[in-house]
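Colleague: Those letters in the sequence shown? Residues 1 to 545, by full-length UniProt numbering. Ideal Cβ placement from N, Cα and C applies to all residues, glycine included. As the structure is a computational prediction, the values presented were derived from the model and not from experiment.
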Amino acid sequence: MEHMTYVYGEHHLILAFFSIMIAICSSYTALHLVSRIRLAEKGIMRNYWLIAASISMGTGIWAMHFIGMLAFHIYLDVGYNPLLVAVSMILPVMTSYLAFYMLSQYVLRRYLIVSGTIVGIGILLMHYIGMKAMIVKAEIQYDPVWVTASVLIALASTNIAVQLFALFRDNPVYNNLWAKPAAALLIGTAISGMHYTGMKAATFLTTSDYQQDFPHDWSENNPLAISIVIIILCIQGFIFISCYMDQKTSLKIKESEERYRQLVELSPIAIGIHKSGVFTYINPAGMKILGANALEEVVGQNPLSFIHPSYHEIVKERLKMMFENKTPAAPLEEKMMRVDGKIVDVEIMGLPITIHGQDHVQVFFQDISERKKLEEMMYHFAYHDTLTGLPNRRLFEEHLQRAVLDKPAEPKVTAVMFIDLDGFKQVNDLYGHDAGDTLLNMIAEKLTIAVRKSDVVARLAGDEFTILLTDIEKRDVIGIAKRILDMLGLPFSIKNKSIRITPSIGISFHLHEREDGHSLIRKADTAMYQAKRTGKNTYRIYRDD
1 MEHMTYVYGE HHLILAFFSI MIAICSSYTA LHLVSRIRLA EKGIMRNYWL
51 IAASISMGTG IWAMHFIGML AFHIYLDVGY NPLLVAVSMI LPVMTSYLAF
101 YMLSQYVLRR YLIVSGTIVG IGILLMHYIG MKAMIVKAEI QYDPVWVTAS
151 VLIALASTNI AVQLFALFRD NPVYNNLWAK PAAALLIGTA ISGMHYTGMK
201 AATFLTTSDY QQDFPHDWSE NNPLAISIVI IILCIQGFIF ISCYMDQKTS
251 LKIKESEERY RQLVELSPIA IGIHKSGVFT YINPAGMKIL GANALEEVVG
301 QNPLSFIHPS YHEIVKERLK MMFENKTPAA PLEEKMMRVD GKIVDVEIMG
351 LPITIHGQDH VQVFFQDISE RKKLEEMMYH FAYHDTLTGL PNRRLFEEHL
401 QRAVLDKPAE PKVTAVMFID LDGFKQVNDL YGHDAGDTLL NMIAEKLTIA
451 VRKSDVVARL AGDEFTILLT DIEKRDVIGI AKRILDMLGL PFSIKNKSIR
501 ITPSIGISFH LHEREDGHSL IRKADTAMYQ AKRTGKNTYR IYRDD
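1. Taking the straight line between their C-alpha atoms, what separation do you get for R393 and F465?
2. Please classify I74: is it buried, with 16 or more other beta-carbons within 10 angstroms of its beta-carbon, or exposed?
3. Grouping DSSP H, G and I as helix and E and B as strand, with all else coil, what is K335?
4. From the DSSP secondary-structure annotation, give me the bridge partner or partners of I135.
5. Among the candidates T117, S267, V78, whose CA atom is the shortest distance from the CA of M131?
6. Taking its Cβ as the centre, do 16 or more other Cβ atoms sit within 10 Å of A154, making it buried, or is it exposed?
7. Closest by CA to V315, which one among V136, A63, P331?
8. Residues in its own chain within less than 6 Å of A30 by CB, not counting five upstream and five downstream?
9. Going by the beta-carbon positions, is the gap between G272 and G286 smaller than 7 Å?
10. Taking C-alpha atoms, which residue in G350, K335, P352 lies nearest to V344?
11. Whose C-alpha, out of L251, A409, C234, is nearest the C-alpha of S26?
12. With 16 as the cutoff for other CB atoms within 10 Å, does R514 come out buried or exposed?
13. State the Cα-Cα distance for the pair G122 and I24, rounded to the nearest angstrom.
14. Does the Cβ of S157 have 16 or more other Cβ atoms within 10 Å, making it buried, or fewer, making it exposed?
15. Between which two residues does the alpha helix (DSSP H) harbouring E464 extend?
16. Can you tell me whether L421 is helix, strand or coil according to DSSP?
17. Quick one: grab the DSSP three-state call for H512.
18. What's the call for A166, buried or exposed, on a 16-neighbour Cβ count within 10 Å?
19. For P215, count the other beta carbons within 10 Å of its own beta carbon; 16 or more makes it buried, fewer makes it exposed. Which is it?
20. Going by alpha carbons, who is nearest to E375 out of L387, Q358, E333?
21. Looking at C-alpha atoms only, which residue of F492, V34, K474 is the closest neighbour of F424?
22. Pull up the distance between the alpha-carbon of I14 and that of H127, whole angstroms please.
23. Does the beta-carbon of D406 have 16 or more other beta-carbons within 10 angstroms, so that it is buried, or is it exposed?
24. Taking only three categories from DSSP, how would you classify D385?
25. Taking the Cβ atom as the reference point for each residue, do A444 and T388 lie within a distance shorter than 7 Å?
26. Which residue comes first and which comes last in the beta strand (DSSP E) that contains R452?
27. Do L439 and D455 have their beta-carbon atoms positioned less than 7 Å apart in this structure?
28. What residue does the beta strand (DSSP E) around S498 start on, and which one ends it?
29. Alpha carbon to alpha carbon, what distance is there between I282 and L152?
30. Looking only at C-alpha atoms, which of I160, M89, L205, M442 sits nearest to L185?
31. Compare the Cα-Cα distances from G479 to each of K532, H433, A415, R500 and report the closest residue.
32. Give me the residue from T280, K288, T203 with the minimum Cα distance to H360.
33. Excluding the 5 residues flanking I37 on each side, which residues of the same chain have their C-beta closer than 8 Å to its C-beta?
34. On the three-state DSSP scale, how would you describe I494?
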């Protein structure tokens with residue numbers, strides 16, 4: 001009967017130290033990656049960092065275990081089953097992925113406990129499958145007390161690790177100079193503690209024939225251990241550097257986004273963003289223009305609800321063209337409707353942008369009400385008489401040119417009246433220019449009353465007025481001329497003085513298609529002088545003869 005004996009091993013302290021350092025380094029890298037998982041948007045980048053964190057943590061745990069196995073010597077020839085070694089390496093990577101995935105998706109405490117337990121079970125399976133992978137001429141026996149201790153340490157250490165991962169995930173403030181290394185030290189040593197406790201639980205029973213009586217040459221395991229250390233450190237280094245570079249890039253992007261956000265928030269130009277017909281953002285300048293006191297009054301609303309209905313089709317067409325051509329929409333003046341229903345003139349432009357892979361529209365608009373008022377004022381000054389407010393020669397001629405191109409059906413015609421005030425110079429000389437200006441305003445008012453709303457009354461210069469009458473019968477033109485004579489024949493009361501003045505009226509009709517507006521004015525002017533020569537205070541119609 002063969003004599004069986006227990007063989008007790010010992011650890012090479014340097015290799016054991018390296019195994020623990022590998023666990024600490026991988027924990028530090030994983031802690032670093034947790035923040036990247038948290039910040040990464042759902043999609044390719046988040047999956048990338050999940051896989052990177054899983055590989056970092058999983059390979060680190062396995063390397064700690066395997067180097068720890070190489071550090072252990074029992075004075076027996078030891079080999080390893082490659083298949084079981086591969087399984088023991090894959091297990092911690094897979095369980096780490098499950099844990100990090102749950103960390104990225106859930107925040108409830110029970111999910112943290114579940115993920116910590118999953119990693120703990122994975123480490124236990126890795127350890128004992130790794131022990132099973134040992135090819136040795138001995139029977140491995142386990143002390144139930146130490147096995148139980150290794151299980152408790154594994155579950156406790158992984159749950160502590162997951163809690164720390166969650167802490168660093170949710171509180172970036174902990175990502176400072178000391179907190180992360182301290183947490184990595186705690187996680188790495190705790191997980192390493194499970195391995196060495198598990199090794200303490202194992203004893204080897206063999207016959208004396210297989211036991212080596214000579215000192216073990218530790219250098220036999222050095223090349224393999226050093227190779228594993230180098231490979232794992234390269235993996236950890238690559239992942240850490242990738243994470244560090246991504247973090248720096250993300251920080252620059254974040255700083256750029258913050259500068260852009262401040263620029264948008266403080267911009268005097270209104271800026272809004274909408275997607276699929278819903279406002280998702282509006283800056284303070286935009287809220288002011290739209291008369292909104294709270295974001296909810298704009299954000300979540302359809303942009304068309306703030307556009308005047310007369311511009312809806314134009315806006316829809318511009319949006320369609322913008323997305324089809326992928327080009328900005330040119331500035332356009334339109335009217336918007338405030339929250340309180342008031343209408344405001346704006347100049348607006350838009351451009352297509354992409355946010356998180358989805359199409360959005362960024363619009364820029366500014367209140368141009370004051371500019372429109374100024375433009376209207378400048379237009380008024382350019383086309384109206386400054387004294388009476390009536391259209392001036394320039395505007396009158398524009399109306400006239402359009403009228404002669406649109407000849408009405410017979411018996412209706414287009415007619416021009418040329419009116420000159422008789423004796424206006426004497427009024428100025430006798431009563432002063434102020435009285436003369438007042439008289440001109442009163443006459444302008446009476447002329448406007450005497451004609452139809454569709455007719456155009458203009459002051460050409462001094463005491464000369466013209467009237468454009470369109471789509472009217474000749475007898476009605478004569479009727480208006482007589483009405484003007486009657487209205488202007490009445491005395492005007494200015495500064496308690498009764499002033500009488502009479503008009504001389506010349507009339508011309510547009511009878512020939514080739515006749516232009518200037519010809520009509522000239523003919524009406526000629527007829528007006530005929531009225532003056534025949535006694536004034538009357539009208540005359542221009543005749544070619």
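Modeller: Put simply:
1. 9 Å
2. Note on I74: 16 or more other CB atoms within 10 angstroms of its CB, so buried under the neighbour-count rule.
3. Of the three classes helix, strand and coil, the one that applies to K335 here is strand, per DSSP.
4. Answer is G79, bridged to I135.
5. V78
6. buried
7. P331
8. A53, S56, M57
9. yes
10. K335
11. C234
12. exposed
13. 18 Å
14. buried
15. That residue, E464, is in no alpha helix (DSSP H); its beta strand (DSSP E) goes 464-472.
16. strand
17. coil
18. The residue in question, A166, is buried, as its Cβ has 16 or more Cβ neighbours within 10 Å.
19. For P215, the pLDDT reaches just 47, beneath the cut-off of 50, and the residue's location in the model is therefore unreliable, although a value from the coordinates is still provided. So P215 counts as exposed.
20. E333
21. F492
22. 20 Å
23. exposed
24. coil
25. yes
26. Run containing R452: none; DSSP gives neither H nor E here.
27. Contact: no.
28. If you look at S498, you'll find it in the beta strand (DSSP E) that goes 497-499.
29. Here the alpha carbon of L152 sits roughly 55 Å from the alpha carbon of I282.
30. I160
31. A415
32. Of T280, K288, T203, the residue nearest in Cα terms is T280.
33. The beta carbon of I37 lies closer than 8 Å to those of R46, W49, L50, A53, F100, L103, S104, R169 in the same chain, with the five residues before and after it left out.
34. strand
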